[in-house]
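In full-length UniProt numbering, the protein residues as written are 1 to 239.
Quick reminder that beta carbons are idealized off the backbone N, C-alpha and C, glycines included.
Bear in mind that the values here come from a model prediction, so they are computed numbers and not experimental data.
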C-alpha cells in the first residue's frame with residue numbers, strides 16, 4: 001500500500017499554498033481533450049510541481065514522455081467513468097496503462113454491486129485490477145462514486161477496497177453528479193484507517209476547499225483547478 005497515506009492524514013494544520021501542489025493530481029479527463037491540451041497540462045504540472053497528471057488511457061504515453069525527468073507522475077483511469085465494465089476488461093486496460101508508463105491507476109468500482117450491498121463482487125473486481133497494477137509496480141486508487149451511494153454503501157465499498165489490496169479510495173469521477181464533500185472524506189478516512197490513502201475529487205476548486213479535504217483526512221486531491229488552488233484563487237472547472 002502507498003506509504004504516503006500516513007503522511008498527512010488528519011493533519012491539524014492543512015497544507016498552505018507552498019506545499020499544496022504536492023497533493024494534487026492535475027486532471028484532464030474531458031473526452032474532447034486534444035494533444036495540445038494534454039501537453040499544456042503536463043507543462044503546468046511540471047511548473048507547479050503537482051503530484052501527477054491524470055488522463056484517459058489514450059494519452060498515457062504522451063504524458064509519460066512529456067513528464068520524463070520532471071518528477072511528476074503519470075496517472076490514468078480504468079473503467080471510467082461508469083465502472084460498468086467486466087473485470088477482465090478493467091484488468092486489461094490497467095495493464096496497458098501501466099505498460100505505457102502510468103505509475104498510478106484510478107479505477108471505478110462496480111457501482112451496481114455497491115448499491116446491491118454485494119461486497120464479494122466488489123472485492124473480486126478490485127482485487128483483480130490491484131493484482132495487475134501492483135505487478136507492474138504501480139499503485140491503485142479505487143473510485144467509489146460517493147454521489148450514487150448511501151453512507152452504508154460507501155463504507156461497504158471502502159471496506160472492499162481495503163480487503164482487495166487497494167492503495168487509495170477516491171470519492172468521485174466528477175462525471176456522475178456530486179463530488180467530494182468533507183463529510184464523505186471523513187467517513188472514508190474513518191473506514192479505511194491511517195494506512196490507506198483517501199483522494200478527494202470532484203468540485204475541489206479553491207485552496208480553502210483543498211485544505212478542508214486534507215483536514216478531513218484526504219492525502220490526495222484530484223482537480224482540474226490545480227493552478228487556481230495553488231494561487232489561492234477560485235477555480236471554475238467542473239471537475
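Please state whether DSSP places residue i in a helix, a strand or coil.
i, result
"residue 221", "strand"
"residue 32", "coil"
"residue 19", "coil"
"residue 25", "strand"
"residue 230", "helix"
"residue 39", "helix"
"residue 72", "coil"
Who are the Cβ neighbours of residue i in its own chain at under 8 Å, not counting the five residues just before and after it?
i, result
"residue 31", "56"
"residue 155", "187, 191"
"residue 49", "21, 22, 71, 72"
"residue 99", "136"
"residue 121", "110, 113"
In the DSSP assignment, find the unbroken alpha helix (DSSP H) run with residue i in it and report its ends.
i, result
"residue 93", "87–99"
"residue 113", "111–115"
"residue 51", "No alpha helix (DSSP H) holds residue 51; DSSP gives it neither H nor E."
"residue 58", "Careful: residue 58 lies outside any alpha helix (DSSP H) and carries neither H nor E."
Leaving out five residues on either side along the sequence, give the residues of the same chain with a beta carbon under 6 Å from the beta carbon of residue i.
i, result
"residue 70", "46"
"residue 179", "172, 202, 203"
"residue 230", "17, 20, 21, 48"
Could you please give the first and the last residue of the uninterrupted beta strand (DSSP E) stretch that includes residue i?
i, result
"residue 105", "104–108"
Could you check the C-alpha separation between residue i and residue j for me, to the nearest Å?
i, j, result
"residue 61", "residue 20", "26 Å"
"residue 90", "residue 130", "10 Å"
"residue 207", "residue 17", "7 Å"
"residue 209", "residue 195", "23 Å"
"residue 111", "residue 139", "21 Å"
"residue 64", "residue 146", "30 Å"
"residue 74", "residue 117", "33 Å"
"residue 53", "residue 166", "20 Å"
"residue 84", "residue 108", "8 Å"
"residue 272", "residue 177", "The question about residue 272 has no answer, for the chain in this structure spans 1 to 239."
"residue 234", "residue 222", "15 Å"
"residue 199", "residue 133", "18 Å"
Can you name, in chain order, every residue of its own chain whose Cβ lies under 7 Å from the Cβ of residue i, other than the five neighbours on each side?
i, result
"residue 151", "187"
"residue 66", "39, 42"
"residue 104", "52, 73, 75, 138, 139, 141"
"residue 158", "144, 169, 188, 191, 192"
Completely contained alpha helix (DSSP H) runs for the segment 132–218, where each covers 4 or more residues
Runs of the alpha helix (DSSP H) inside the segment 132–218: 151–164, 182–192, 207–216.
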